[in-house]
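Student: Structure in structure tokens, see below.
Number of protein chains: 2
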Amino acid sequence: MITLDDVAKQAGVSTSTVSIVVNNRHVRGVSVSPATRERVLHVAREMGYTPNSLARAVATGKNRVLGFIKDDLAAELAMRIMVGAQQECEIADYLIKPFQLSHPAIASDLVRKCLGQRVAGIIVVNLPDDALAIVLHEAKTAEVPVVMVDSPSPNASCIQITSDAEQGVRLMCGHLVEQGHKRIAFIGGPADSVVSQERKRIFRDACLEYGLDIREDMIVDTSWGETDIVKAAVAPLLARPVEHRPTALFCAGDAIAMMSVKTARRCGLRVPKDVSVTGYSNASYAYLCDPALTTVAQDFVEMGRIAVRHVLALAADKDCAAKSAIVKVPTSLVVRESTWGPDWV
Amino acid sequence: MITLDDVAKQAGVSTSTVSIVVNNRHVRGVSVSPATRERVLHVAREMGYTPNSLARAVATGKNRVLGFIKDDLAAELAMRIMVGAQQECEIADYLIKPFQLSHPAIASDLVRKCLGQRVAGIIVVNLPDDALAIVLHEAKTAEVPVVMVDSPSPNASCIQITSDAEQGVRLMCGHLVEQGHKRIAFIGGPADSVVSQERKRIFRDACLEYGLDIREDMIVDTSWGETDIVKAAVAPLLARPVEHRPTALFCAGDAIAMMSVKTARRCGLRVPKDVSVTGYSNASYAYLCDPALTTVAQDFVEMGRIAVRHVLALAADKDCAAKSAIVKVPTSLVVRESTWGPDWV
DNA sequence: CTGAAAGCGCTAACAA
DNA sequence: TTGTTAGCGCTTTCAG
Numbered sequence: 015m016i017t018l019d020d021v022a023k024q025a026g027v028s029t030s031t032v033s034i035v036v037n038n039r040h041v042r043g044v045s046v047s048p049a050t051r052e053r054v055l056h057v058a059r060e061m062g063y064t065p066n067s068l069a070r071a072v073a074t075g076k077n078r079v080l081g082f083i084k085d086d087l088a089a090e091l092a093m094r095i096m097v098g099a100q101q102e103c104e105i106a107d108y109l110i111k112p113f114q115l116s117h118p119a120i121a122s123d124l125v126r127k128c129l130g131q132r133v134a135g136i137i138v139v140n141l142p143d144d145a146l147a148i149v150l151h152e153a154k155t156a157e158v159p160v161v162m163v164d165s166p167s168p169n170a171s172c173i174q175i176t177s178d179a180e181q182g183v184r185l186m187c188g189h190l191v192e193q194g195h196k197r198i199a200f201i202g203g204p205a206d207s208v209v210s211q212e213r214k215r216i217f218r219d220a221c222l223e224y225g226l227d228i229r230e231d232m233i234v235d236t237s238w239g240e241t242d243i244v245k246a247a248v249a250p251l252l253a254r255p256v257e258h259r260p261t262a263l264f265c266a267g268d269a270i271a272m273m274s275v276k277t278a279r280r281c282g283l284r285v286p287k288d289v290s291v292t293g294y295s296n297a298s299y300a301y302l303c304d305p306a307l308t309t310v311a312q313d314f315v316e317m318g319r320i321a322v323r324h325v326l327a328l329a330a331d332k333d334c335a336a337k338s339a340i341v342k343v344p345t346s347l348v349v350r351e352s353t354w355g356p357d358w359v
Numbered sequence: 015m016i017t018l019d020d021v022a023k024q025a026g027v028s029t030s031t032v033s034i035v036v037n038n039r040h041v042r043g044v045s046v047s048p049a050t051r052e053r054v055l056h057v058a059r060e061m062g063y064t065p066n067s068l069a070r071a072v073a074t075g076k077n078r079v080l081g082f083i084k085d086d087l088a089a090e091l092a093m094r095i096m097v098g099a100q101q102e103c104e105i106a107d108y109l110i111k112p113f114q115l116s117h118p119a120i121a122s123d124l125v126r127k128c129l130g131q132r133v134a135g136i137i138v139v140n141l142p143d144d145a146l147a148i149v150l151h152e153a154k155t156a157e158v159p160v161v162m163v164d165s166p167s168p169n170a171s172c173i174q175i176t177s178d179a180e181q182g183v184r185l186m187c188g189h190l191v192e193q194g195h196k197r198i199a200f201i202g203g204p205a206d207s208v209v210s211q212e213r214k215r216i217f218r219d220a221c222l223e224y225g226l227d228i229r230e231d232m233i234v235d236t237s238w239g240e241t242d243i244v245k246a247a248v249a250p251l252l253a254r255p256v257e258h259r260p261t262a263l264f265c266a267g268d269a270i271a272m273m274s275v276k277t278a279r280r281c282g283l284r285v286p287k288d289v290s291v292t293g294y295s296n297a298s299y300a301y302l303c304d305p306a307l308t309t310v311a312q313d314f315v316e317m318g319r320i321a322v323r324h325v326l327a328l329a330a331d332k333d334c335a336a337k338s339a340i341v342k343v344p345t346s347l348v349v350r351e352s353t354w355g356p357d358w359v
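Here the protein sequences come in this chain order: H and Z. For my numbering, count along the first sequence from 1 and bump the result up by 14. For my numbering, count along the second sequence from 1 and bump the result up by 14.
Quick look at the structure:
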């Protein structure tokens with residue numbers, strides 16, 4: 015591997031000159047003559063010189079890298095967030111290093127590993143409260159800013175980027191009542207999922223606001239992905255006599271919506287003619303399925319971008335410690351084929 | 015940030031002792047006494063010391079990091095590969111740094127950026143031939159091994175990990191003929207997609223082997239994700255009189271399969287009763303849709319794992335340069351609800 | 001405008 | 001068993 019000194023020697027200048035040139039740094043006015051600059055650049059290219067970012071980082075004490083910690087690497091959502099983060103990093107000339115938190119118990123080690131890379135900041139996706147607390151603690155002593163994305167964790171003292179659930183579920187509820195629905199069931203995710211519970215809570219509020227009765231027997235918890243659980247919860251609802259049957263299913267996630275659609279069909283119901291079904295998140299497959307899902311789109315890539323902007327800002331200030339805020343990024347309603355007015359009533 | 019020297023001073027030992035302890039390196043036999051070792055460790059923990067991996071990397075000239083270059087960060091498949099890569103990296107105590115190749119034109123700069131991080135190796139996912147060639151060239155002069163994952167690129171001189179398409183499409187064809195299908199249509203992806211064309215080629219071969227006529231009028235190219243294009247290609251096929259209509263649709267991808275199912279329904283056909291539809295890849299949503307997709311599963315996470323094993327092996331040997339091989343990882347057939355024997359014939 | 005020299009935090013012989 | 005010393009490749013004053 016060819017080094018800066020090699021280039022200097024070859025070009026017959028000192029290392030500092032080369033350093034200045036390759037970083038094209040202008041220390042007070044124009045420091046290095048166009049002639050030498052050109053020569054140095056030429057030699058560098060000739061020799062195939064690639065600056066060693068690591069050495070630079072140790073010399074400056076600044077590493078243009080952001081840590082990205084998530085618990086479940088595979089989740090589509092985490093990936094979209096990462097895409098956004100990466101986009102923003104690219105324009106800021108930063109890099110991302112992902113860390114996989116396979117088990118909450120190793121959170122502490124993981125953060126130290128991350129810190130060991132002397133990251134300028136940390137972006138954390140969807141960590142459980144306890145793991146987040148650990149991350150926050152370790153990061154604070156190292157004075158590295160962290161911002162959390164996507165999972166609402168109200169009493170964590172860091173800045174959090176989350177999609178606006180208040181707005182999102184209201185948007186969808188509004189859409190449904192606008193279409194004339196009166197009996198809307200809420201098909202939630204797991205009982206221990208904070209995002210599901212949040213959506214459920216807001217759903218109740220929204221129902222009240224829209225003057226709908228909230229019927230507890232139409233509010234169920236299920237699972238993000240297990241067909242049997244969803245089916246077991248949804249089928250009974252749909253098997254009710256038509257006058258007690260929900261005319262719409264507000265599902266807490268797109269996968270749940272798809273499983274619900276399937277269940278509805280098994281119950282002999284057509285979607286959306288007999289029952290409307292809505293999703294949440296606008297997953298990649300939401301437009302592919304039949305019927306295409308009406309859903310609320312969360313802009314994960316934007317969330318990722320915002321996250322790095324914030325973490326970079328914190329890193330720039332030195333008062334990166336105590337700041338704590340929640341920024342909510344707006345969602346949007348995407349109406350497709352799975353909702354329809356219950357005009358058969 | 016507290017350093018190794020700080021610890022040394024505090025513990026009243028030399029830096030090298032601390033270095034040995036924290037890396038728990040045993041130079042010939044037991045070098046540092048349990049007593050001092052314990053003390054150093056204690057002090058280090060007390061002071062909250064975190065080793066600076068960057069400094070270590072520049073000192074040793076070895077960086078335990080792998081570059082991960084992909085063209086489309088969002089693709090679910092790339093993500094699964096990355097999950098596998100990360101799993102394997104974790105056990106080897108390596109880290110991953112992802113690089114986003116937004117445009118083939120910047121391939122050269124991107125690789126240099128990657129090389130600038132002094133990565134020990136590069137994993138490349140699904141790059142077009144020209145971009146790959148550039149990567150290979152830059153990497154070779156830097157003597158950094160690269161392995162390619164997923165996209166078959168026969169004449170590239172690097173080792174490639176790919177899923178066994180020969181086996182995969184034959185598996186599916188076998189399933190279909192076993193169920194009695196005789197008129198199978200091939201619904202491909204874009205005409206310029208190498209994986210789609212590869213599957214098409216093998217599909218033809220497989221048909222021959224199974225004694226089926228291959229009917230060129232039942233082999234079409236479409237798009238990976240655009241509903242209109244797929245519909246335009248599939249609808250005419252399905253509109254044919256029953257004796258000329260395909261009884262099964264071999265789709266080159268899961269999304270295409272879903273769009274085909276939808277099209278079939280619009281044509282008044284039931285899936286799988288009237289027409290069977292198969293996917294390829296086993297995307298996350300393949301089991302969610304209705305009917306759940308029969309598809310061939312590609313083990314992307316395994317591919318990712320294999321990739322890092324290979325790149326690490328190459329990095330260990332110094333003859334990392336010229337090696338070139340294709341390792342095919344087996345696929346598996348997952349039969350779900352979208353296929354059925356054409357017993358109505 | 002350019003060079004010499006002193007680090008950055010850590011490792012790795014080699015002495016002691 | 002431990003300390004001394006000389007780097008790794010780069011940046012950054014400060015003189016020349």
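We put the beta carbon where it would ideally sit given N, CA and C, even for glycine.
Use the C-beta contact count for Thr155/H: other C-beta atoms within 10 angstroms, 16 or more gives buried, fewer gives exposed.
Tutor: Exposed is the call here.
Student: Within 10 Å of its beta-carbon, does Arg213/H have 16 or more other beta-carbons around it, so buried, or fewer, so exposed?
Tutor: The residue is buried, with at least 16 neighbouring Cβ atoms inside 10 Å.
Student: Taking any Cβ of chain H, which residues in the segment 271-282 of chain Z have a Cβ under 7 Å from it, in chain order?
Tutor: Here the close residues are Met272, Met273, Val275, Lys276 and Arg279.
Student: In the DSSP assignment, find the alpha helix (DSSP H) that holds Met186/H and state where it starts and stops.
Tutor: Where Met186/H is concerned, the enclosing alpha helix (DSSP H) stretches over Ala179 to Glu192.
Student: Between which two residues does the alpha helix (DSSP H) holding Val208/H run?
Tutor: Where Val208/H is concerned, the enclosing alpha helix (DSSP H) stretches over Val208 to Glu223.
Student: Taking the continuous alpha helix (DSSP H) assigned at Cys103/Z, which residues delimit it?
Tutor: Its alpha helix (DSSP H) spans residues Glu90 to Ala106.
Student: With a threshold of 8 Å, are at least 3 pairs of Cβ atoms found where one atom belongs to the segment 243-259 of chain Z and the other to the segment 277-289 of chain H?
Tutor: Too few Cβ pairs lie closer than 8 Å, so no.
Student: Comparing C-alpha positions only, which one of Glu192/Z, Arg229/Z and Val161/Z sits nearest to Asp323/Z?
Tutor: The question names Asp, but residue 323/Z is Arg in the sequence shown. Ranking the options by Cα distance to Arg323/Z, first place goes to Val161/Z.
Student: What's the C-alpha gap between Cys334/H and Ala247/Z?
Tutor: Because the pLDDT of Cys334/H is 49, which lies under 50, any placement of that residue in the model is unreliable, and the question is left without a value.
Student: What residues of chain H sit near Glu104/Z, judged by a beta carbon separation below 7 Å?
Tutor: The answer, in chain order, is Gln114.
Student: With Leu115/Z and Ala92/Z assumed to form a contact (beta carbons below 8 Å), what rounded beta-carbon distance in angstroms separates them?
Tutor: So it is not a contact: roughly 11 Å between Cβ atoms.
Student: Assuming Leu109/H is part of the beta strand (DSSP E), what are its boundary residues?
Tutor: It spans Leu109 to Gln114 - the beta strand (DSSP E) in which Leu109/H sits, taken as one unbroken run.
Student: Using a Cβ-Cβ distance under 7 Å, would Cys334/Z count as near chain H?
Tutor: In this prediction, Cys334/Z scores a pLDDT of 49, lower than 50, which makes its location untrustworthy; the coordinate-derived value is nonetheless stated afterwards. Cys334/Z does not count as touching chain H.
Student: Taking C-beta pairs closer than 7 Å, name the residues in chain Z that Gln312/H reaches, listed in chain order.
Tutor: By Cβ distance, chain Z contributes nothing, its closest Cβ being about 15 Å from Gln312/H, past 7 Å.
Student: Between Ser33/Z and the rest of its own chain, which residues show a CB-CB distance below 7 Å, the 5 nearest in sequence each way excluded?
Tutor: Excluding sequence neighbours, Ser33/Z sits near Leu18.
Student: Is it buried or exposed for Ile148/H, if we count other Cβ within 10 angstroms and need 16 for buried?
Tutor: Classification for Ile148/H: buried.
Student: What separation, rounded to the nearest whole angstrom, lies between the Cα atoms of Arg78/Z and Leu326/H?
Tutor: Each residue's Cα considered, the two are about 25 Å apart.
Student: Of the residues Val97/H, Gly130/H, Ile83/H and Pro112/H, which one's Cα is nearest the Cα of Ala121/H?
Tutor: Looking at the Cα atoms, Ile83/H is the closest of the given residues.
Student: Do the segment 43-52 of chain H and the segment 96-113 of chain Z meet, that is, are 3 or more Cβ pairs less than 8 Å apart?
Tutor: In short, these stretches do not touch, since the Cβ pair count stays below three.
Student: So, helix, strand or coil for Leu283/Z, using DSSP?
Tutor: Leu283/Z falls in the coil class under three-state DSSP.
Student: Straight-line CA distance for Glu102/H to Glu351/Z?
Tutor: Taking the straight line joining both Cα atoms gives about 42 Å.
Student: Can you pull the chain Z neighbours of Gly304/H, defined as C-beta to C-beta under 8 Å?
Tutor: Here residue 304/H is Asp; the residue named in the question, Gly, does not match the sequence. In chain order: Met272, Val275, Lys276, Arg279, Cys303 and Asp304.
Student: May I ask you to report which of helix, strand or coil DSSP gives Cys265/Z?
Tutor: Note: Cys265/Z maps to strand in three-state DSSP.
Student: Mark Met15/Z as exposed unless 16 or more other C-beta atoms lie within 10 angstroms of its C-beta, in which case mark it buried.
Tutor: The residue is exposed, with fewer than 16 neighbouring Cβ atoms inside 10 Å.
Student: How would you write the range of the beta strand (DSSP E) that Met317/H sits in, first residue to last?
Tutor: Looking at the DSSP string, Met317/H is not in any beta strand (DSSP E); the run it does join, the alpha helix (DSSP H), is Phe314 to Ala330.
Student: Mind listing which residues of the segment 115-145 of chain Z have their C-beta closer than 7 Å to chain H's C-betas, in chain order?
Tutor: Within the segment 115-145 of chain Z, the residues whose Cβ lies closer than 7 Å to some Cβ of chain H are Arg126, Leu129, Gly130, Gln131 and Arg132, listed in chain order.
Student: Check each candidate in Ala249/Z, Thr261/Z, Asp242/Z and Ser237/Z and name the one with the smallest Cα separation from Asp268/Z.
Tutor: Of the listed residues, the one whose Cα sits closest to Asp268/Z is Ser237/Z.
Student: How far does the alpha helix (DSSP H) with Ser33/Z in it extend, from its first residue to its last?
Tutor: From DSSP, the alpha helix (DSSP H) with Ser33/Z extends over Thr29 to Val36.
Student: Strictly by DSSP, which residues pair up with Thr292/H?
Tutor: Its beta-bridge partners are Phe264/H and Thr308/H.
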